[in-house]
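Here's the structure, in structure tokens; my notes come after.
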Ligand code: URA
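Numbering (the working numbering), first residue to last: 267 to 664.
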């Protein structure tokens, strides 16, 4: 019957009222976190997933350091996309199995706590998703929006900022589909009484320069030190200022951004990452000494064969390169190698000379590297004509 219903939704669509009803029913099928014991506005951020997306590792301590209360539920990587929990496990000892009481206390104490998604969070969504998967009904806007939002609403935050990715490495490949998804999720959230904001952001090339668990954490630390890649820093500022504004901690965009910039300049945001890592059992020394992270045993310089301009870095393929090197999972039970991945020297639109490095590849296993290299070569193209740089933030819906 549920398969039949999913199929009917694909043919007939759902009204806003129906979409909200399905979302709330899925939310209420399991645990709903009650964060009312925590003072102030509780915020959350959700990304629809991408390659090189280490945003939460910078964003959450950054906004917590200016007073936001962040209740974060994150996942692990699967296929070509990574997961925040895997990345944070680069800090020796880091763990996410907090009790609800510990989770709430930690948010009160340091403004930020992170747990994994429990099996009791929106269990109806899990069952429906499995059905959608085998009945070819995954790709329906109301079903996608209600699926994502049921979990977000069950996580208990009052204000939710959505980062809807758009491009070759994203769930939504084209702009119009990403806009439709963002608008639908904002509507559901508002109808459920939450403060909402959504950004449509570029995922046509990896975010920042680093792809791979530990390499991304190192780039996140650089960013909290004020030396992050321009696109990534811009994205963090854009999402962060929405979180600050929805939390009522600044009067406008400009003052929200200056609060965040000052938190980076003063080292307050970096210190908050250290406090967060320590609170979750990890070793905070690595925040101040990232050279201590375990890196791969081998590296390879991937260089340009001709002069020109970088015209594409296919995001899904780069995610697969990281997967082939051992940095990702094909199935949920795979173990992963945190130290492998790539660090690009260039972004789309950058000029390049023959022999100049495009990316440094980090690997431990020669066989895996030999499988990954042809995929990397295919993923990057160089044009003889100048190429426009991608914008990172494409649109916003409140
Ligand atoms: N992510 C989800 O959680 N649900 C969907 O339906 C699609 C992506």
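Beta carbons are placed, not taken as given, at the ideal position from N, Cα and C, and that holds for glycine.
Candidates the options: closest to residue i by CA position
{"i": "residue 580", "options": "505, 318, 272, 295", "result": "318"}
{"i": "residue 333", "options": "294, 538, 369", "result": "538"}
{"i": "residue 304", "options": "359, 373, 277, 626", "result": "373"}
{"i": "residue 669", "options": "653, 365, 343, 638", "result": "No answer is possible for residue 669: the residues shown for the chain start at 267 and end at 664."}
{"i": "residue 412", "options": "641, 288, 368", "result": "288"}
{"i": "residue 285", "options": "520, 453, 444, 312", "result": "453"}
{"i": "residue 656", "options": "615, 643, 646, 650", "result": "615"}
{"i": "residue 563", "options": "626, 610, 525, 347", "result": "626"}
{"i": "residue 306", "options": "578, 512, 420", "result": "512"}
{"i": "residue 471", "options": "540, 544, 435", "result": "435"}
{"i": "residue 555", "options": "486, 593, 351, 402", "result": "486"}
{"i": "residue 550", "options": "377, 619, 357", "result": "357"}
{"i": "residue 727", "options": "328, 277, 560", "result": "Not covered by the structure: residue 727. The range shown for the chain is 267 to 664."}
{"i": "residue 375", "options": "331, 401, 553", "result": "331"}
Whether residue i touches residue j by CB criterion (8 Å)
{"i": "residue 608", "j": "residue 628", "result": "yes"}
{"i": "residue 338", "j": "residue 326", "result": "yes"}
{"i": "residue 316", "j": "residue 473", "result": "yes"}
{"i": "residue 314", "j": "residue 509", "result": "no"}
{"i": "residue 491", "j": "residue 604", "result": "no"}
{"i": "residue 465", "j": "residue 502", "result": "no"}
{"i": "residue 297", "j": "residue 386", "result": "yes"}
{"i": "residue 575", "j": "residue 617", "result": "yes"}
{"i": "residue 570", "j": "residue 644", "result": "no"}
{"i": "residue 546", "j": "residue 369", "result": "no"}
{"i": "residue 460", "j": "residue 425", "result": "yes"}
{"i": "residue 396", "j": "residue 292", "result": "no"}
{"i": "residue 351", "j": "residue 340", "result": "yes"}
{"i": "residue 663", "j": "residue 418", "result": "no"}
{"i": "residue 602", "j": "residue 594", "result": "yes"}
{"i": "residue 658", "j": "residue 497", "result": "yes"}
{"i": "residue 526", "j": "residue 311", "result": "no"}
{"i": "residue 433", "j": "residue 469", "result": "yes"}
Under the three-state DSSP convention, the category residue i falls into
{"i": "residue 580", "result": "coil"}
{"i": "residue 437", "result": "coil"}
{"i": "residue 378", "result": "strand"}
{"i": "residue 648", "result": "strand"}
{"i": "residue 607", "result": "strand"}
{"i": "residue 615", "result": "coil"}
{"i": "residue 334", "result": "coil"}
{"i": "residue 314", "result": "coil"}
{"i": "residue 319", "result": "coil"}
{"i": "residue 463", "result": "strand"}
{"i": "residue 542", "result": "helix"}
{"i": "residue 426", "result": "strand"}
{"i": "residue 620", "result": "coil"}
{"i": "residue 629", "result": "strand"}
{"i": "residue 360", "result": "coil"}
{"i": "residue 280", "result": "coil"}
{"i": "residue 340", "result": "strand"}
{"i": "residue 403", "result": "coil"}
{"i": "residue 488", "result": "helix"}
{"i": "residue 387", "result": "coil"}
{"i": "residue 476", "result": "strand"}
Status (buried if at least 16 other CB within 10 Å, exposed otherwise) for residue i
{"i": "residue 482", "result": "buried"}
{"i": "residue 309", "result": "buried"}
{"i": "residue 423", "result": "buried"}
{"i": "residue 355", "result": "buried"}
{"i": "residue 393", "result": "exposed"}
{"i": "residue 572", "result": "exposed"}
{"i": "residue 271", "result": "exposed"}
{"i": "residue 406", "result": "buried"}
{"i": "residue 279", "result": "exposed"}
{"i": "residue 649", "result": "exposed"}
{"i": "residue 346", "result": "buried"}
{"i": "residue 391", "result": "buried"}
{"i": "residue 565", "result": "exposed"}
{"i": "residue 495", "result": "buried"}
{"i": "residue 596", "result": "exposed"}
> Which full runs of the alpha helix (DSSP H) of 4+ residues lie inside the region 550 to 599, going along the chain?
Replying inline: 551 to 554, 581 to 588
>> To test your reading of the DSSP string, which unbroken alpha helix (DSSP H) runs of 4 or more residues are found completely within the region 499 to 542?
In response: 519 to 532
> Who's in the neighbourhood of ligand 3, going by beta-carbon under 5 Å from any heavy atom, listed in chain order?
Replying inline: Inclusion of ligand 3 in the displayed structure is not the case, the ligand content consisting of ligand 1 alone.
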